[in-house]
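A.B. asks:
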Amino acid sequence: MIDQIRKALKAQANPKVASDLAWFFKTGPGEYGHGDQFLGLKVPQTRAIAREFRNADRATIDELVQSEFHEERFCALVILTTQFEKAKGEAKQEIFDYYLSLYDLGVVNNWDLVDVTANRFGKQLIGDPKVVDFLLDLARSENLWKQRLSVILTFPLIAEYDFAPTMIVCEELVDHPHDLINKAVGWALRVVGQKDLRELRRFLEEHAATMPRVAL
Numbered sequence: 007m008i009d010q011i012r013k014a015l016k017a018q019a020n021p022k023v024a025s026d027l028a029w030f031f032k033t034g035p036g037e038y039g040h041g042d043q044f045l046g047l048k049v050p051q052t053r054a055i056a057r058e059f060r061n062a063d064r065a066t067i068d069e070l071v072q073s074e075f076h077e078e079r080f081c082a083l084v085i086l087t088t089q090f091e092k093a094k095g096e097a098k099q100e101i102f103d104y105y106l107s108l109y110d111l112g113v114v115n116n117w118d119l120v121d122v123t124a125n126r127f128g129k130q131l132i133g134d135p136k137v138v139d140f141l142l143d144l145a146r147s148e149n150l151w152k153q154r155l156s157v158i159l160t161f162p163l164i165a166e167y168d169f170a171p172t173m174i175v176c177e178e179l180v181d182h183p184h185d186l187i188n189k190a191v192g193w194a195l196r197v198v199g200q201k202d203l204r205e206l207r208r209f210l211e212e213h214a215a216t217m218p219r220v221a222l
């Protein structure tokens, strides 16, 4: 199946789009996406291929997610997310644990790969009494993508009106020096504010004067 997926992706490759994506995702020396390679597909194209191969086995996902090409990793992660949402019980937890292991492997290595998955995988944390400790461990990691993950995982909790994990993680990261974390913090706070403006105002009363302008 891996060959079929790669053939489908390469059939829609576009060098001009690939060049634009390499610029957009900051792949130059010293930038956060340094060295990433692109085929040149737009997100709807990659998602359509992921839907077609949504039943790919783990061996296929293992290989695809370690590809040098961004779209192949994106495709693998969309497939994995679909499988997670359909799984039950222990199988769901196993996929969640596998997903987290990909951060240690360094294959989830750009903001879009985090964002397209974490707001779905965060459903596994609903009702978890250890959720704050778990999220703070991620937030305090030296891995930029784990730090962003710690914020985006909380979106399903916000949907359940459980704001405390989000607010605690945002407080932990509020003075972070990287704009990708500032943007994630600001995004999460805005979503909280859409549910409960009082929660947002309490945070801003304490931090608005000093937090990075990007987040504010």
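Start counting at 1 in the sequence shown, then tack on 6, and there's your number in our numbering. Every residue gets a Cβ at the ideal spot worked out from N, C-alpha and C, and that includes glycine.
#1: Taking the alpha-carbon positions, what's the residue 213 to residue 12 distance?
#2: Can you give me the C-alpha to C-alpha distance between residue 121 and residue 156, rounded to a whole angstrom?
#3: How long is the line joining the alpha carbons of residue 199 and residue 16, rounded to whole angstroms?
#4: Thinking C-beta only, is residue 46 closer than 8 Å to residue 27?
#5: Compare the Cα-Cα distances from residue 147 to each of 179, 128, 190, 73 and report the closest residue.
#6: Who are the near neighbours of residue 196 in its chain, counting only those whose CB is closer than 8 Å to its CB and skipping five residues on each side?
#7: Is the CB-CB distance between residue 144 and residue 153 below 8 Å?
#8: Let me know the secondary structure DSSP gives residue 130 once reduced to three states.
#9: I need the straight-line Cα distance from residue 85 to residue 104, nearest angstrom please.
#10: What are the partner residues of residue 75, as DSSP defines its beta bridges?
C.D. replies: If we stick to the structure as given:
#1: 47 Å
#2: 11 Å
#3: 42 Å
#4: yes
#5: 179
#6: 206
#7: yes
#8: helix
#9: 13 Å
#10: 43
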